[in-house]
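Chemist: Here my numbering = 1-based position in the sequence shown + 1199.
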Amino acid sequence: AEFIEMTSRVMIDTDLHGIDSHGIGMLSVYNNWRKMGRIVFDAPIKVVTNLPSLCLIDGGGGLGHPVGIQGMKIAITKAQETGLGMVSVRQSNHFGAAGYYARMALEHDLIGIAMTGTPGSAVVPTFGKKNMFGTNPIAFAAPTRRNPPFVLDMATSTIAIGKLAVAKRLGLPVKEGWALDEDGNPTTDPVVAREARKLTPLGGTRDLGSHKGYGLAAMVDILSSTLSGAGILCVTRDKGEEFNIGRVGHFFLALNPATIRGDDGFPDELDDLIDVLHATPPVKKDQPVLVAGDPEWEAFKIR
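See the structure below:
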């Protein structure tokens, strides 16, 4: 019951921040995985390796959200004690929006980073036509004093896979450069895109820098899955092995700016940066320059 409550809390918070693709809408997906025996709601979380600044935990194939919360809590404690805390996770599941875990560090005036592999493949490497990676998100959160915190929460694909489901449900065309059909050709048809489940890496095309998104997706899998021993989907699939949903890996990092700098000036200097960026002259007066986290903060205030 405790793990289910923790999962619900993360999902509700995600919806409140305007990230509808990773909130309560995922409930039926998790329940289907439970019925299939691919997720155990009350699986115990075990610490495998525990060092002053490093930790490896095993999620036992349970819900990803409680594992993520536990992992980031450990990273935060270690960062408070040593200045840095890194936690690697294996045998976990989809944990929702990565930004939730990165934001946990803000309550302690720490920098938080969260990354995760995913239980399904969706992203096609640049020049390829087969989906090999998940959307492999990266989240980075840094504390401020005056402004809302800087919170970057992004997939390494051009979009999150959930946006295809939203487009299909609403009957809206998929934006050009987001998705590919079964043959690896660009498509804007929401039905074709959802059935093919082939997303472009961040950037969309080689000319627009998709090789960078492709590289970032690989980096996330290396840190989340290879480092923890969770296994990477495309590798196990290539070997003919079954990749169970409960083999997802995560990566959490917490940094203490005060320990590194020797003072508490980090939030103030970040505020100065945000102020300067917000003051950038916009192309359109009704469309001001934003920084990472602004849209989610506005959604949170409204909801």
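Heads up, the beta-carbon is just placed ideally off N, CA and C, and yes, glycines get one too.
Roughly how many whole angstroms lie between the Cα atoms of residue 1468 and residue 1212?
Modeler: Here residue 1468 corresponds to residue number 269 of the sequence shown, with the count starting at 1. Here residue 1212 corresponds to residue number 13 of the sequence shown, with the count starting at 1. Going by the C-alpha atoms only, they are around 28 Å apart.
Chemist: I think residue 1389 touches residue 1376, with their Cβ atoms under 8 Å apart; what is that distance to the nearest whole Å?
Modeler: On the sequence shown, position 190 is the one that residue 1389 refers to. On the sequence shown, position 177 is the one that residue 1376 refers to. 14 Å between Cβ atoms; not a contact.
Chemist: Using the C-alpha atoms, what's the distance from residue 1458 back to residue 1397?
Modeler: The residue labelled residue 1397 in the question sits at position 198 within the sequence shown. The residue labelled residue 1458 in the question sits at position 259 within the sequence shown. Roughly 43 Å between the two C-alpha positions.
Chemist: Only counting the same chain, and skipping five residues up and downstream in sequence, which positions put a Cβ closer than 8 Å to that of residue 1408?
Modeler: The count along the sequence shown starts at 1 and reaches residue 1408 at position 209. Taken in chain order, the residues that qualify are 1401, 1402.
Chemist: According to the Cβ coordinates, are residue 1366 and residue 1399 closer than 9 Å?
Modeler: In the sequence shown, residue 1366 corresponds to position 167, counting from 1. In the sequence shown, residue 1399 corresponds to position 200, counting from 1. It is not a contact, given that the beta carbons lie outside the stated cut-off.
Chemist: Give me the Cα-Cα distance between residue 1234 and residue 1345, rounded to the nearest whole angstrom.
Modeler: Counting from 1 along the sequence shown, the entry for residue 1234 is found at position 35. Counting from 1 along the sequence shown, the entry for residue 1345 is found at position 146. In a straight line, the C-alpha of residue 1234 is about 47 Å away from that of residue 1345.
Chemist: Determine whether the Cβ of residue 1357 lies closer than 9 Å to any Cβ atom of chain D.
Modeler: Here chain D cannot be found, since the structure has a single protein chain.
Chemist: Does the segment 1476-1486 touch the segment 1355-1370, meaning 3 or more C-beta pairs lie closer than 8 Å?
Modeler: No, the segment 1355-1370 does not touch the segment 1476-1486.
Chemist: When burial is assigned at 16 or more other CB atoms within 10 Å of the CB, is residue 1326 buried or exposed?
Modeler: In the sequence shown, the residue the question calls residue 1326 occupies position 127. Exposed: under 16 other Cβ atoms inside 10 Å.
Chemist: Counting only runs that start and end within the segment 1349-1373, where is the beta strand (DSSP E) found for 3 or more residues in a row?
Modeler: Fully enclosed beta strand (DSSP E) runs of 3 or longer: 1349-1353.
Chemist: Flag this pair as yes or no: are the beta carbons of residue 1287 and residue 1254 separated by less than 9 Å?
Modeler: Within the sequence shown, residue 1287 is the residue found at index 88, counting from 1. Within the sequence shown, residue 1254 is the residue found at index 55, counting from 1. Going by C-beta atoms, residue 1287 is nearer than 9 Å to residue 1254.
Chemist: Measure the alpha-carbon distance for residue 1471 versus residue 1489 and round it to whole angstroms.
Modeler: The sequence position of residue 1471 within the sequence shown is 272, counting from 1. The sequence position of residue 1489 within the sequence shown is 290, counting from 1. Those two C-alpha atoms are separated by around 14 Å.
Chemist: Which residue's Cα is closest to the Cα of residue 1381: 1294, 1348, 1473, 1328?
Modeler: Your numbering for residue 1381 matches position 182 in the sequence shown. Selected option, being the one with the closest Cα: 1328.
Chemist: Distance, Cα to Cα, residue 1424 vs residue 1432?
Modeler: Position 225 of the sequence shown, counting from 1, holds the residue named residue 1424. Position 233 of the sequence shown, counting from 1, holds the residue named residue 1432. Approximately 9 Å, taken between the alpha carbons.
Chemist: Confirm, please, whether the CB-CB distance from residue 1295 to residue 1264 is below 9 Å.
Modeler: By one-based count along the sequence shown, residue 1264 stands at place 65. By one-based count along the sequence shown, residue 1295 stands at place 96. Their beta carbons are under 9 Å apart, which means residue 1264 touches residue 1295 by this criterion.
Chemist: Evaluate the contact criterion for the segment 1264-1280 versus the segment 1241-1253: three or more CB pairs, one atom per stretch, below 8 Å.
Modeler: At 8 Å Cβ cutoff, the stretches touch.
Chemist: Are the beta-carbon atoms of residue 1285 and residue 1465 separated by less than 9 Å?
Modeler: Taking the first residue of the sequence shown as position 1, residue 1285 is located at position 86. Taking the first residue of the sequence shown as position 1, residue 1465 is located at position 266. The answer is no: Cβ separation not under 9 Å.
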